[in-house]
């Protein structure tokens, strides 16, 4: 609701220009944005399903949607066709009418890339298109990194939305109402934030009822439950400050409702606080998910995840490509996010842009 | 993995007697063991023991030696071959590791089944009569000088070895035997399993004199002496204050031992390591079947929680021995090409043992629809690619079990084989159960639209990498596996409470002459209301009426498939009553056939050998180890050559090499 107007706001435009002028942060932003966009289209780039199959004069686009069985392409099995095998089969046919176009990395993150061979980590092999090697059960590391990245991003985005929704609302309310409400909620938050988060995750992870299972949603709920508190403090103090300003009083005099004052008048003015926190929240949520997966309390196998790769890597140090891939990817993303965060903080620095210069 | 039947009768406390233990107390007058060195005992235990003896005159029976039946065939197993090397060198310090610091020095009661217990009890303390580890059905004298089985086939007569001494110098007498049975049957013990076992299977104790006694058991058994004579006594004089609250009092107490090693308080480095020391002038050091064993003077057990780190510590030379059963360690961490291995300073061993191994497999809960449908279960067997797991995950080191009783040698069913992985056969079986249409995700559905999807519950992290392989393969049969990997305690609890759909689990199995079925397959271990007799619930199937719709699930039993088949129950009861090996074998074959037909257990894998590596100064007997070894050190037949130890240390500095290579011992290969 506020976004269109914000974009027109000259002050914001100025901030964005300033952000763009900070090269390091801006380039990081572009790289990360590209990575995010690419990961959203991961099925087209890293997938065992073909992009296009031309078979008996028919076009097939199997990437999304239902599975195609082997029988549909003249093979003798009723389960999903192995497109790499199909490609070899078509290539061997004398009449070259049928063909398969595979993605650049023709593996999905769950499958055994080398059927019929022992399960052990294999070093990068460009001929077999395992660009980063395989893990200990022959799964392609690049595929697991890409899909793991997407999971981590989805987790971070949902985490961000939920923690900020709770944290901002409660923080604003505390700051706006003050008094006993503020006192009470502050004390509750103090108690709540003293519960050791990791222990709770471990306990909950082991007692999640059957049927639900440990999945992204449950994990998210637990992590959010213990992470929203941080934001309330900043929002509370920011709202306290804004509340005393004339425009708030004016709005009150005009008869605006509390939610309207909070979300349409105060919130846009404290937005710069929030924006500077976003990159760091994303970084911390990715690290949290990775740490939980590393410890074995995260997503259930065989979900691709970076923490799981790190765990495998550290227990297979004689296969350094596993830990190297996961570690580099993690460091890279966290560094990019941090650069962006720094740039945003600088661009949104109220000392440079304030209404009361 | 939690043992289902703890290593049965091997229960001895290996706690040391703290210096100047209890106050001196009057000797117990009820026992006829006159002349026993006055046991210093607090009145608490002795008074209760006295009351118990008076209250149970039918159990604790005292007779004069003259009433010992004449003409008993006393035996001591001396005709059997020894399995250790009598020329083994004594001395040195052996370094090894335990995965966790002991939480107690008790060998019974809460927390007592940790990684230290083998060294305090199972591997070290000699039982009265010990099964011979190389001769199935054979036995040798442990704490006894000789034993005999009575003509009724239910009574074992024991003559305690007069040399047998506790590590504090006191002799082992029937006083200790009386105390041990009182202890095991006491409600203060806080161990219902032991209470139950010693009440159910020990019907009478007859004491003749200080060194002679007999135990009476409920049934004739072909292997009576090893089955029930394989138990370990506890020192009466060290348990004077046994009674309510003993668990806490004995948590860290040293008690005297009969075995070759004791753990002294000064040798406990809290949180870091414990060091066992060999008992000085151990009474059995020259006894047949004990000489040449328990050789190192000191046995240092360092706490290393992460197995990866333990292997590294071994390769560095901090530990002397390392089991390398996992393919990862054998092929990647310490391969032939590892510098120390290639130089012959570390030797690798592969030893084919012959023993019942943990029965890994998928336990299908028949109580959860649609798993009550046999066709679905047969489909599951065909859809689980255990062969691939064996060949490629375990790299050919494991083999699929064919029956429930693999490892029991001639007791196995001769012809049954596991249903092979076969997506076509699996789909056919699922189709018979109504799962005929394949959804867009490749998973089969029935007419009601239900997906063919089940959750596999596993415990511990060990299966984390294996289960995705099964999941991936099952999709070929149109079956979806969801994976749930819980921590060990939670996962095991869930399975024992029968809340799983499919469990990836294993029970460790005792080394016994023939397998057990009652725990895993009897209907009363699935449903409390399985049978009624004269209108009352019955624990026995024979002569009772089976309940067609039982509801009351029994939790905390090993019937993890929730099997309730009246015909099977009757067979199992007959099997448990069987008195001859021929009958046991015949009934076992029928039981195996029924289990196979019912298809509620997907045959898992077993590893037919032990393997590991040791520094070259660790020496072994000519045949390396014993057939029934479940662990390289279980029978303590190894020793250290101090000269070689020096030479190896020297060689590591100078780079000198020795003849190396893999040493394989396959004299016990095959079931």
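Chains as they are written, first to last, in the numbering used here: chain P, 57 to 413; chain Z, 379 to 1049. Each residue gets a CB set at the ideal place from its N, CA and C atoms; glycine is no exception.
- Message: Tell me the rounded alpha-carbon separation between residue 497 (chain Z) and residue 773 (chain Z).
- Response: 32 angstroms
- Just checking my contact of residue 998 (chain Z) with residue 1016 (chain Z) at CB under 8 angstroms: how many whole Å lie between their CB atoms? 5 angstroms
- Have a look at residue 523 (chain Z) and residue 510 (chain Z) and give me their C-alpha separation to the nearest angstrom. 16 angstroms
- Message: I want to see whether chain Z comes within less than 7 angstroms of residue 369 (chain P), judged by CB atoms only; does it?
- Response: no
- Message: Within a Cβ cutoff of 7 angstroms, which residues of the same chain sit near residue 395 (chain Z), ignoring the five residues on either side of it in sequence?
- Response: Residue confidence is low: residue 395 (chain Z) scores 27 on pLDDT, short of 50, so the model does not pin down where it sits. Its coordinate-derived value is still stated next. Around residue 395 (chain Z): 546, 616, 632, 633, 634.
- Find the nearest neighbour of residue 456 (chain Z) within the set Z:485, Z:507, Z:438, Z:439, judged by alpha-carbon distance. Z:507
- Would you say residue 99 (chain P) faces chain Z, with C-beta separation under 7 angstroms as the test? no
- Query: Straight-line CA distance for residue 708 (chain Z) to residue 628 (chain Z)?
  - Reply: 40 angstroms
- Check whether residue 812 (chain Z) and residue 853 (chain Z) have beta carbons under 7 angstroms apart: no
- Could you check which residue in Z:802, Z:573, Z:902 has the C-alpha nearest to that of residue 132 (chain P)? Z:802
- Query: Quick one: what's got a C-beta closer than 7 angstroms to residue 471 (chain Z)'s C-beta in the same chain, skipping five residues either side?
  - Reply: 674, 675, 676, 678
- Using the DSSP secondary-structure output, state which residues sit across from residue 257 (chain P) in a beta bridge. Partner(s): none; residue 257 (chain P) has no beta bridge.
- Any C-beta of chain Z sitting closer than 7 angstroms to the C-beta of residue 352 (chain P)? yes
- Message: Can you give me the C-alpha to C-alpha distance between residue 177 (chain P) and residue 198 (chain P), rounded to a whole angstrom?
- Response: 13 angstroms
- Should residue 629 (chain Z) be flagged as near chain P, meaning a C-beta pair shorter than 7 angstroms? no
- Message: Within a Cβ cutoff of 7 angstroms, which residues of the same chain sit near residue 478 (chain Z), ignoring the five residues on either side of it in sequence?
- Response: 492, 493, 681, 683
- Query: Listing by chain order, which chain Z residues have their CB less than 9 angstroms from the CB of residue 166 (chain P)?
  - Reply: 846, 849, 850
- Message: Going by DSSP in three states, residue 324 (chain P) sits in which element: helix, strand or coil?
- Response: helix
- Query: Is there at least one Cβ from chain Z nearer than 7 angstroms to residue 58 (chain P)'s Cβ?
  - Reply: Summary for residue 58 (chain P): the model assigns pLDDT 48, below 50, so the residue's position carries little reliability; its value from the coordinates is reported in the next sentence. Output row for residue 58 (chain P): interface = no.
- Answer yes or no: do residue 872 (chain Z) and residue 833 (chain Z) have a C-beta to C-beta separation smaller than 7 angstroms? no
- Message: How far does the beta strand (DSSP E) with residue 858 (chain Z) in it extend, from its first residue to its last?
- Response: 858–864
- Query: Between which two residues does the beta strand (DSSP E) containing residue 537 (chain Z) stretch?
  - Reply: 533–538
- Message: Closest to residue 715 (chain Z) by C-alpha separation, out of Z:693, Z:731, Z:734, would be which residue?
- Response: Z:693
- Give the range of the alpha helix (DSSP H) segment to which residue 757 (chain Z) is assigned. 752–761
- Using a Cβ-Cβ cut-off of 7 angstroms, state whether residue 712 (chain Z) counts as contacting chain P. no
- Query: Looking only at DSSP bridge pairs, what is residue 429 (chain Z) linked to?
  - Reply: DSSP output for residue 429 (chain Z) lists no bridge partner at all.
- Task: Using a Cβ cut-off of 7 angstroms (strictly closer), state whether residue 122 (chain P) contacts chain Z.
- Result: yes
- Query: So, is residue 847 (chain Z) buried or exposed, given that buried needs 16 or more other C-beta atoms within 10 angstroms?
  - Reply: buried
- Test: residue 409 (chain Z) CB closer than 7 angstroms to a CB of chain P: Note that residue 409 (chain Z) has pLDDT 35, beneath the 50 cutoff, so the model's placement of it is unreliable and no number is given.
- Use the C-beta contact count for residue 983 (chain Z): other C-beta atoms within 10 angstroms, 16 or more gives buried, fewer gives exposed. buried
- Query: In the region 121–142 of chain P, which residues sit with their C-beta less than 8 angstroms from some C-beta in chain Z, listed in chain order?
  - Reply: 121, 122, 123, 125, 133, 134, 135, 136
- Does any CB atom of chain Z fall closer than 7 angstroms to the CB of residue 174 (chain P)? yes
- Given that a residue counts as buried once 16 or more other Cβ atoms are within 10 Å of its Cβ, and exposed if not, what is residue 763 (chain Z)? buried
- Item | Test item: CB-CB of residue 575 (chain Z) and residue 595 (chain Z) under 7 angstroms | no
- Message: Between residue 746 (chain Z) and chain P, is any beta-carbon pair separated by less than 7 angstroms?
- Response: no
- Query: Can you list the residues of chain P that residue 861 (chain Z) reaches, using a CB-CB cut of under 9 angstroms?
  - Reply: 269, 356, 357, 358
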